[in-house]
Structures are given as structure tokens and as C-alpha cells.
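*Asks:* Sharing a structure here in C-alpha cells format.
Numbering (our numbering), first residue to last: 1182 to 1773.
The structure is reproduced here in C-alpha cells:
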């Protein structure tokens, strides 16, 4: 895409990255000053941490949320969601965890479930384990987290280790794939955990505090390579299941191995949790090339943990990190990914006494690692988009040539995900804003484009015939439903770059094209900036029987069709070919 067509946010990020890389080319130790490319995304809380562990406690969820807000995280993925099994008359750990998170911070956490291995030796364990997967999905689990206990800790009744590739687990991996639930899996550990347990071991300080992490006794534990091979057999057997191999593919010290696996295992991905110290000590240019090559398969993740104390990737028994320490921890994560700083102290000292060098990824790669990849991976499970409409006291007529004044009160929303699968289209990132008054709902769109597909000449009549309808060319759309008791009752609005529009009232299966909302709109095309803008106002009386109160929530989804790029964007992806999937509509909250 030509540079002049980049969305403003990406253009700013690119400029910041260039200025900043020049400033820090030969820096050693000292941190490059802000701004950094990801600053704007953190201000908007767009970053997703795909690997957290939050304890089943109101206070600990609250502490995690405070730190996430401070760091600029939008969503934390809690891999310790708990098991879905429970005693009669009780709720499962997973249900209790989700209730706490939803009560404290709705929309801020996503939970994976953990398999309960009780009854492993029973003849029906395999079928019962599959039922756990199905129950977890029903309860809202996004995926399955499997710890390194397989192959290292869990044993059967005969005292034998349960292998990662045990056939009794094949049904679990298969069902996760069928239900669209990714599997985050941890096997093995750093190479030093298999080396002699002596002061010469470079992870001696960590092993002293965690002696159970040492697996160097061949009489008790398999070789590290055997564990990796067992996992590979599972990945190869279950090609329809998506595996996120945590801790940078469970083998962060061997970049050639990681690259080879990503090259040959299309259903395998890698997260960064707790392994930047190990990755960062290697040749930064080599690491950077790998990240750019597999930019669609790498996820931002930290192994941030909140229990009776914070654990920032790893920790010794005597460490008691503060919230300030957690903020500094995340700052170092950003620094490594976004700058080209050389030879600086990493974020988890107990993991090793060495320095790391940053890899300064391009903005278009950073955003994939920070949130685009996670949004695609978790499209079926992420909290529905909730847009915010800011209150205005004075009404005004739409004027797409001006986007100032009252619009400055609105919180921007980036319409940039494909409706079909949640894939990101940052080159078409459309900035949307919402306002409301007692009389009107206002909406604006700023749409970057390369080529417009419109009807000519413009006509006043609404184009509604299949094959020649308005939506068969470029449009932006708004679907609004205010009747919570009748979700299949809503209204639809469309606006095209040539100024044509249409509105209709829907009460499924009836589509009333004769209805008119008396909406007003303004559209302007800026050919030089390669941007078309639309503003509209819709009478509240056409949307609901009464004016919403501050705090009210309606159903709403925004869309954009760009035919030149074969793009069908949605504020909340419908995950199928229809914009009219009402159960996937997001929300709008009317603010004071």
C-alpha cells in the first residue's frame, strides 16, 4: 500500500519508529526515550497479554486489573481459569473464577480451563476428558492450558509418568480443534534445568529457590529432547487443532529449531511468556528476522502472575515485587520489542546474569504481536466490542468536511477486523466516533482507501435490488437495536462515498425498506489524502420509544465494505458471511 494511504495511527507509529531508531543506533544500556511505536496502542488499551495466571480471589483480580490499566493492557488471558469439574451442589473453580472477573472487570479477562486428571486410570477417562472440553466451552472457556506436568510430574496408578502424546488424550486435542479452542501448552523447560545441579549452572540461583524445577536425574525424568519430540507428535497428529507453544515454542534457546518448527507445522504458534531474557541474549538481528518471518504466529505474552505475591516471569522465594516493579517489568517488555537498545539488564534477573539487546520491530509487525494475532486466535471468545457514545448538549447538522467541535468528545473506535474471521486489516483501519443527545444519535467514519467502487451517476432513490443494491459497492453501515426483549428487531443504515444512502427497519424475517428514519448525512471524499468521510445523525425517536438514559446499553454493530480490497469489516466480527447475525452484535453505551 502506498505510504499516503496508511491510517494516521500507523503513520504516526512509523514516524516515531524511524526517529527513534536513528536516535538509538549505538546506544548501550541507556533506554531510548519515548515516544515508542506502541505508546498510542497502550493509551487505547489495545494490547492483549496471552499468558497470565491470576489466582481465584477478588483482591488478586483487582490488583491484576490495576497493573493492566497502568501498563496499557486491554485484555488479560488467564491461563489458570481452573477445572470445570466439581462436587455435587458446588460450582467449579472455572465458574467461580469467571464470576469474580466478570463482576470486577467485565470485558477485561479471557479464561482458559485446566484439565482435571482425576480418574486417569479409569476405563472411561478419555471420554470423560472430552466432556470436560465440551463443558468448558459451554461455560465460556476460550481454550485449554496444559502445564508442564505432562511428561514430568503426572503419574498413573503404577507410578509411571503420563506422556504428552498418550493416546488417551487424543480426544481432548481433537475436540479442542473441533470447537475452535486453541491449546496453550508447556512442555520441558530451559536447557540448564537438565544440567548438573551445581553452582556452575547458569540458572543456579533460580534452581536453588525452585529445586523441583531440576530434571537432570535420568532415573526420574526423560530427556528434554524426548518431551519436545512427544509434543511434536501431538501437533502432527492433530493438524486441525491450533497449538500455542508457550515460552517461545518451549525451546527459546534454539532459534533454528523454533524457525524449523514454525516453517513445517502450520498449526503451531509461539508465545513470548517469560522467555525474552533467553531470546534477547542472542543475535538481535537473527531474532528480528525470525519475528518478521513468522509475524502471524507469535503472540505477546508475559507469564505475569498474581497470587499471594506478584511473579514477573519468574521469581525467588524472597522476592516481593510491588506494583511499580510490575509496571517496570512491562516497560522492559515494550523496550525489547520496540527499540534497538543494546546490552541492557533484562526484566527477570533471577533467570540469568546477562544482558539483552532489543529487536526494534516495525509497527506493522508489532501490532500483530501485541493484539492482531490474539484477536484472530480468540475471535469466538473475546468480549464483544462495546462502543461509547459521548453526550452532547447542543445538536448540530452533519458536516463531513469538519471533524472538530463536538466530535472531540467522542472516543475513537478502530473498525479494522474482518467480519468473517476477525483477521485484521490495518491498511483499512476506519476511525469511528459516536455522540448522542436527547434528540439524535450521531456517527462518523473516516475511511482510508486506494480505489473507490461506487455507482454513477448518483441517484436519490434507494438502491435495494439484489445485484445492484447499495451494499454491492463501497459503503459504511450501522445496525442498532434498542429492544433487548426482541433482539431480532433492529434498524440498519448505509452510506456510500458518492453520498447515496438507505435505511430500513428489520423485524426478522421482515425487512421494511419503505420505512424512513429521517436521518441526515454528509459525505466528502478527499482524493489527495485518500480518505473518505461520512457523518450522520439519526433521530432517537426512530431508534427507540424513549430517549436512553446515561449508562444505557443498546446492541450495535458497525460495518464497512471496501470492494477493491475485498474487505468486509465489523466492529464485532460475526464470524460468518452475514452482517445480520444478531447474536454477534456488539454494544453501545450512552455516556454522561
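Built from N, CA and C at the ideal position, the CB exists for glycine as well.
#1: Taking DSSP as the reference, what is the three-state secondary structure of residue 1242?
#2: Look at residue 1458 and residue 1407 and say whether their C-beta atoms are less than 7 Å apart.
#3: Express the C-alpha separation of residue 1441 and residue 1448 in angstroms, rounding to a whole number.
#4: Tell me whether the beta-carbon of residue 1676 lies closer than 7 Å to the beta-carbon of residue 1702.
#5: Nearest CA to the CA of residue 1751: which residue from 1418, 1604, 1715?
#6: Once DSSP output is grouped into helix, strand and coil, what is the label at residue 1488?
#7: So, residue 1343 versus residue 1331, is the Cβ gap smaller than 7 Å?
#8: May I ask which residues mark the beginning and end of the alpha helix (DSSP H) holding residue 1794?
#9: Taking three-plus beta-carbon pairs below 8 Å as touching, is the segment 1260-1277 in contact with the segment 1535-1548?
#10: Excluding sequence positions up to five away, which residues of its chain have a Cβ less than 8 Å from the Cβ of residue 1508?
#11: Taking only three categories from DSSP, how would you classify residue 1353?
#12: Check residue 1554 in the structure and name its three-state DSSP category.
#13: Where residue 1775 and residue 1369 are concerned, what is the direct C-alpha to C-alpha distance, given to the nearest angstrom?
#14: If distances are taken between C-alpha atoms only, which option among 1338, 1339, 1346 comes closest to residue 1327?
#15: Need the endpoints of the beta strand (DSSP E) that residue 1232 sits in, please.
#16: Rounded to the nearest angstrom, what separates residue 1130 and residue 1307 at their Cα positions?
#17: Please report the straight-line C-alpha distance between residue 1203 and residue 1214, rounded to a whole angstrom.
#18: What does residue 1567 pair with, by DSSP beta-bridge criteria?
#19: Which residues share a DSSP beta bridge with residue 1693?
#20: Quick one: complete beta strand (DSSP E) runs, 3+ long, within the segment 1719-1759?
#21: Would you mind reading off the limits of the alpha helix (DSSP H) that contains residue 1402?
#22: On the DSSP letters alone, give me the boundaries of the beta strand (DSSP E) that residue 1595 sits inside.
#23: So, does the segment 1730-1748 touch the segment 1578-1587, judging by three or more C-beta pairs under 8 Å?
#24: List the residues that DSSP assigns as beta-bridge partners of residue 1298.
#25: With distances taken from CA atoms, which of 1277, 1269, 1438, 1450 is nearest residue 1242?
#26: State yes or no: is the C-beta of residue 1739 within less than 7 Å of the C-beta of residue 1659?
#27: Rounded C-beta distance between residue 1771 and residue 1565? I'm assuming under 8 Å.
#28: Let me know the secondary structure DSSP gives residue 1268 once reduced to three states.
#29: Taking the straight line between their C-alpha atoms, what separation do you get for residue 1272 and residue 1354?
#30: If you run the structure through DSSP and keep just helix, strand and coil, what is residue 1624?
#31: Would you mind sorting residue 1554 into buried or exposed? The rule is 16 or more other CB atoms within 10 Å of its CB.
#32: Kindly identify the DSSP beta-bridge partner or partners of residue 1673.
#33: Quick one: what's got a C-beta closer than 6 Å to residue 1762's C-beta in the same chain, skipping five residues either side?
#34: Less than 6 Å between C-beta atoms, sequence neighbours within five positions excluded: which residues of the same chain meet that for residue 1600?
#35: Would residue 1336 be called buried (16 or more neighbouring beta carbons within 10 Å of its own) or exposed?
#36: In the DSSP assignment, the alpha helix (DSSP H) including residue 1519 goes from what residue to what residue?
*Replies:* Looking at the coordinates:
#1: In this structure, DSSP gives residue 1242 a helical state, which the three-state scheme calls helix.
#2: The answer is no: Cβ separation not under 7 Å.
#3: Taking the straight line from one Cα to the other gives about 13 Å.
#4: Yes, Cβ-Cβ distance for residue 1676 and residue 1702 is below 7 Å.
#5: Cα-wise, what sits closest to residue 1751 is 1604.
#6: Three-state result, residue 1488: coil.
#7: Taking 7 Å as the Cβ cut-off, residue 1343 and residue 1331 qualify as a contacting pair.
#8: Since the first and last residues shown for the chain are 1182 and 1773, residue 1794 lies out of range.
#9: In this structure the segment 1260-1277 does not touch the segment 1535-1548; the number of beta carbon pairs closer than 8 Å is below three.
#10: Excluding positions up to five away in sequence, the list reads 1248, 1251, 1252.
#11: The DSSP-derived three-state label of residue 1353 is helix.
#12: Here residue 1554 carries a helix assignment [DSSP, helix/strand/coil].
#13: Since the first residue of the chain shown is 1182 and the last is 1773, residue 1775 is not available in this structure.
#14: Closest option to residue 1327, judged by alpha-carbon separation, among 1338, 1339, 1346: 1346.
#15: Here the beta strand (DSSP E) through residue 1232 covers 1228-1235.
#16: Missing from the structure shown is residue 1130; the chain here goes from 1182 to 1773 and no further.
#17: Because residue 1203 carries a pLDDT of 45, less than 50, the predicted location of this residue cannot be relied on, and the following value inherits that uncertainty. Distance between the alpha carbons of residue 1203 and residue 1214: 12 Å.
#18: In the DSSP output, where bridge partners are listed per residue, residue 1567 has 1768.
#19: The partner list for residue 1693 (beta bridge, DSSP) reads 1686.
#20: Counting only runs of 3 or more, we get 1734-1743, 1748-1751.
#21: Membership of residue 1402 in any alpha helix (DSSP H) is not indicated, and neither H nor E is assigned to it by DSSP.
#22: Taken as a continuous stretch (DSSP letters only), the beta strand (DSSP E) holding residue 1595 covers 1594-1596.
#23: No, because fewer than three Cβ pairs between the segment 1730-1748 and the segment 1578-1587 fall closer than 8 Å, the two stretches do not touch.
#24: In the DSSP output, where bridge partners are listed per residue, residue 1298 has none listed.
#25: Of the candidates 1277, 1269, 1438, 1450, the one whose C-alpha sits nearest the C-alpha of residue 1242 is 1277.
#26: In this structure, residue 1659 lies closer than 7 Å to residue 1739 by Cβ.
#27: Their Cβ separation, rounded to whole angstroms, is 17 Å, which puts residue 1771 and residue 1565 out of contact at 8 Å.
#28: Under the three-state reduction of DSSP output, residue 1268 falls in the coil class, being neither helix nor strand.
#29: Looking at the two C-alpha atoms, the distance is approximately 25 Å.
#30: Note: residue 1624 maps to strand in three-state DSSP.
#31: Label assigned to residue 1554: buried.
#32: Beta-bridge annotation (DSSP): residue 1673 is paired with 1660, 1685.
#33: Taken in chain order, the residues that qualify are 1755.
#34: 1749, 1751, 1754, 1755, listed in sequence order.
#35: Label assigned to residue 1336: exposed.
#36: Unbroken alpha helix (DSSP H) run through residue 1519: 1504-1519.
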